[in-house]
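**Q**
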Amino acid sequence: MQLLLSFLTEIFSQPAFLMGIIAFVGLVCLRSPLNKLLTGTLKPILGYLMLSAGAGVIVSNLNPLGSIIEAGFGIRGVIPNNEAIVSVAQKVLGVETMSILLLGFVINLILARFTKYKYIFLTGHHSFFLACLFSAVLRAATFDGWELVIIGGFLLGSWSAISPAIGQNYTKQVTDDGGIAMGHFGSIGYYLSGFIAKIVGDKNNSFADTEISEKWGFLRDTTVTTGIIMVIIYLICSLVAGSEYMSTITEQSSVIFSILSGLQFAVGVAIVYNGVRLILGDLVPAFQGISQKLIPNSIPAVDCAVFFTFSPTAVVVGFICSFIGGLVGMFILGGMGMALIIPGMVPHFFCGGTSGVFADKLGGKRGCIIASFIGGILLAFLPALLLPTLGDLGFENSTFADFDFAVWGIIIGKLFNIFGQTAIYFICLILIIVLCVPFFFKSIRVVGDSKNVDQA
Numbered sequence: 314m315q316l317l318l319s320f321l322t323e324i325f326s327q328p329a330f331l332m333g334i335i336a337f338v339g340l341v342c343l344r345s346p347l348n349k350l351l352t353g354t355l356k357p358i359l360g361y362l363m364l365s366a367g368a369g370v371i372v373s374n375l376n377p378l379g380s381i382i383e384a385g386f387g388i389r390g391v392i393p394n395n396e397a398i399v400s401v402a403q404k405v406l407g408v409e410t411m412s413i414l415l416l417g418f419v420i421n422l423i424l425a426r427f428t429k430y431k432y433i434f435l436t437g438h439h440s441f442f443l444a445c446l447f448s449a450v451l452r453a454a455t456f457d458g459w460e461l462v463i464i465g466g467f468l469l470g471s472w473s474a475i476s477p478a479i480g481q482n483y484t485k486q487v488t489d490d491g492g493i494a495m496g497h498f499g500s501i502g503y504y505l506s507g508f509i510a511k512i513v514g515d516k517n518n519s520f521a522d523t524e525i526s527e528k529w530g531f532l533r534d535t536t537v538t539t540g541i542i543m544v545i546i547y548l549i550c551s552l553v554a555g556s557e558y559m560s561t562i563t564e565q566s567s568v569i570f571s572i573l574s575g576l577q578f579a580v581g582v583a584i585v586y587n588g589v590r591l592i593l594g595d596l597v598p599a600f601q602g603i604s605q606k607l608i609p610n611s612i613p614a615v616d617c618a619v620f621f622t623f624s625p626t627a628v629v630v631g632f633i634c635s636f637i638g639g640l641v642g643m644f645i646l647g648g649m650g651m652a653l654i655i656p657g658m659v660p661h662f663f664c665g666g667t668s669g670v671f672a673d674k675l676g677g678k679r680g681c682i683i684a685s686f687i688g689g690i691l692l693a694f695l696p697a698l699l700l701p702t703l704g705d706l707g708f709e710n711s712t713f714a715d716f717d718f719a720v721w722g723i724i725i726g727k728l729f730n731i732f733g734q735t736a737i738y739f740i741c742l743i744l745i746i747v748l749c750v751p752f753f754f755k756s757i758r759v760v761g762d763s764k765n766v767d768q769a
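Just so you know, the working numbering puts 733 at position 420 of the sequence shown, and the rest follows in order with no gaps.
1. Hey, which unbroken runs of the alpha helix (DSSP H) at 4 residues or more fall wholly within the segment 434-486?
2. For residue 328, which option in 450, 596, 426, 563 has the closest C-alpha, if you only look at C-alpha atoms?
3. Have a look at the DSSP bridge pairing and note the partners of residue 613.
4. Mapping the DSSP letters down to three states, classify residue 654 as helix, strand or coil.
5. Throw me the rounded Cβ distance for the residue 370 and residue 670 pair, which I believe falls under 8 Å.
6. According to DSSP, what are the bridge partners of residue 770?
7. What are the residues that DSSP puts in a beta bridge with residue 494?
8. Over the uninterrupted alpha helix (DSSP H) stretch that includes residue 563, give me the two end residues.
9. Does DSSP put residue 688 in a helix, in a strand, or in coil?
10. Can you name, in chain order, every residue of its own chain whose Cβ lies under 8 Å from the Cβ of residue 749, other than the five neighbours on each side?
11. Kindly give me the distance between the Cβ atoms of residue 465 and residue 451, rounded to whole angstroms, as I take these residues to be in contact under 8 Å.
12. Only counting the same chain, and skipping five residues up and downstream in sequence, which positions put a Cβ closer than 7 Å to that of residue 579?
13. Whole angstroms is fine: what's the gap from residue 598's alpha carbon to residue 347's?
14. If you drop the 5 nearest sequence neighbours on each side, which residues of the same chain put their C-beta closer than 6 Å to that of residue 695?
15. Report all residues from its chain with a CB closer than 7 Å to the CB of residue 478; omit the five preceding and five following residues, and keep chain order.
16. Would you call the segment 381-393 and the segment 548-556 in contact, with 3 or more CB pairs under 8 Å?
17. Determine the direct distance from the alpha carbon of residue 588 to that of residue 363, and round the result to whole angstroms.
18. Just to confirm, are residue 733 and residue 685 a CB contact at a threshold of 8 Å?
19. For the structure I just gave you, are there three or more beta carbon pairs, one from the segment 668-682 and one from the segment 640-653, closer than 8 Å?
20. Within the chosen definition, does the segment 728-744 reach the segment 408-417 through at least 3 CB pairs nearer than 8 Å?
21. When we look at the beta-carbon of residue 738 and count the other beta-carbons within 10 Å, is it buried (16 or more) or exposed?
22. In terms of residue numbering, what span does the alpha helix (DSSP H) encompassing residue 726 cover?
23. CB-CB under 6 Å to residue 471, same chain, minus the five flanking residues each way: which ones, in chain order?
24. Among the candidates 332, 714, 702, whose CA atom is the shortest distance from the CA of residue 691?
25. Whether or not the segment 489-496 and the segment 603-616 are in contact is what I'm after, with contact meaning three or more pairs of Cβ atoms, one per stretch, closer than 8 Å; do they touch?
26. How would you call residue 561, buried or exposed, if buried means at least 16 neighbouring beta carbons within 10 angstroms?
27. Note the first and the last residue of the continuous alpha helix (DSSP H) segment covering residue 348.
28. Return the CA-CA distance between residue 700 and residue 654, expressed in angstroms with no decimal places.
29. Quick one, are the C-beta atoms of residue 673 and residue 521 less than 8 Å apart?
30. In the DSSP assignment, the alpha helix (DSSP H) including residue 751 goes from what residue to what residue?
31. Quick one: what does DSSP say residue 343 is sitting in, helix, strand or coil?
32. Taking 8 Å as the threshold (C-beta atoms), are residue 368 and residue 583 in contact?
33. Is the beta carbon of residue 712 sitting closer than 8 Å to the one on residue 398?
34. How far does the alpha helix (DSSP H) with residue 552 in it extend, from its first residue to its last?
35. Return the first residue and the last residue of the alpha helix (DSSP H) that residue 511 is part of.
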């Protein structure tokens with residue numbers, strides 16, 4: 314039983330396999346010929362593996378930059394990192410996490426089939442992270458055994474269906490009604506960025522639509538632009554850190570290291586973009602089979618990096634503004650006597666970059682800059698507020714990085730401290746009501762997807 318559970322967990326925690334399985338089922342429903350069945354199944358898998366490889370290149374170049382900034386500017390504190398805390402938690406809550414992950418995916422499919430929340434969450438590793446968070450905070454709330462697994466699985470499955478719906482009208486505008494939804498648990502932050510950008514910005518003056526003169530034509534190539542910006546950032550940070558510290562990072566000179574790291578970062582981004590094109594080229598058409606035959610009107614919810622191609626320049630701008638916001642948030646936290654949350658380069662790139670895309674498409678350049686900056690500040694405060702809850706479980710100096718993780722952890726932790734286990738049951742009741750209410754509105758076909766793009 315344990316072996317089967319581990320095998321299924323490995324499958325369902327791998328987005329590449331999930332996308333391949335979903336594409337295969339969709340193509341079978343469409344009665345596609347064998348050659349299309351083969352290519353249509355493999356391309357989404359290969360696309361996500363390419364996206365993951367690009368993300369790996371990005372992360373491997375961002376991690377040393379974070380250390381260089383810490384050393385150069387003398388910053389000490391806690392760096393939020395999903396992978397780090399999950400690896401620690403797995404040693405204590407491994408079986409519970411795996412069980413919640415599997416049950417959550419099944420519940421997500423059931424909800425997509427029988428409710429008006431038609432979103433199928435395909436970012437398996439993020440489901441795994443949230444399953445780990447739920448197992449940790451529910452254990453802190455004195456739940457255990459099957460009760461912990463059932464409640465955690467219900468919370469995961471429900472949020473996997475509800476979170477894409479919350480901002481789907483924004484997502485349709487960002488993707489030009491591209492037939493996908495947001496499947497990443499930084500979703501609240503992205504929707505909030507879009508909301509702020511619509512208020513403060515002008516979507517008619519966006520980075521996505523900016524015309525560049527022939528003189529600066531090379532800047533039209535996002536890979537080149539990203540490489541230039543990152544080389545400059547690496548050079549500045551390396552010079553501040555000093556040659557003595559840089560010698561502990563690399564045997565190369567600071568200048569050569571900075572140039573190579575900045576350009577490798579740009580290569581990683583380019584790989585991500587190509588992976589996204591492979592995914593969208595075959596997953597969305599194949600998904601029509603599922604939408605027509607098995608789960609009517611269903612919509613795939615995909616990873617945040619898939620949205621990078623809709624405004625590539627905004628990804629870089631959003632990342633930089635979010636990181637600056639994170640630094641400002643860190644100093645504010647220090648002034649308030651709270652734990653110092655050092656801006657993690659990885660969450661600020663992926664979350665800040667995605668926030669930048671949403672903000673740019675919905676509120677233009679000004680919206681992108683302001684909303685990403687505010688999002689960066691929140692990426693400092695939310696992990697700091699989550700830290701005490703996780704500390705009670707023995708996970709000192711470690712916290713989750715992304716928006717939804719922190720919000721859920723804070724809500725469950727704080728409400729349990731005030732109302733006990735009754736609060737957790739009440740949260741489940743609220744989710745059940747949210748899932749059932751759309752049945753009373755015949756005009757709603759798919760929750761969150763009821764308007765045309767030009768009406769939103």
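Cβ atoms here follow ideal geometry from the backbone N, Cα and C, with glycine treated the same way. Note that the coordinates shown come from a computational prediction; the quantities given were computed from them, not determined experimentally.
**A** Working from what's here:
1. 437-453, 458-479
2. 596
3. 433
4. strand
5. In fact, because the Cβ distance is near 20 Å, the residues do not count as touching under 8 Å.
6. What the structure shows of the chain is the stretch from 314 to 769, and residue 770 is not part of that stretch, so it cannot be assessed.
7. 614
8. Counting along the chain, residue 563 falls outside any alpha helix (DSSP H), and DSSP gives it neither H nor E.
9. helix
10. 428
11. 6 Å
12. 536, 539, 540, 543
13. 16 Å
14. 719
15. 430, 432, 760, 761
16. yes
17. 5 Å
18. no
19. no
20. no
21. exposed
22. 716-732
23. 744
24. 714
25. yes
26. exposed
27. 347-386
28. 10 Å
29. yes
30. First-last for residue 751: undefined, no H or E at that position.
31. coil
32. no
33. yes
34. 535-554
35. 500-513
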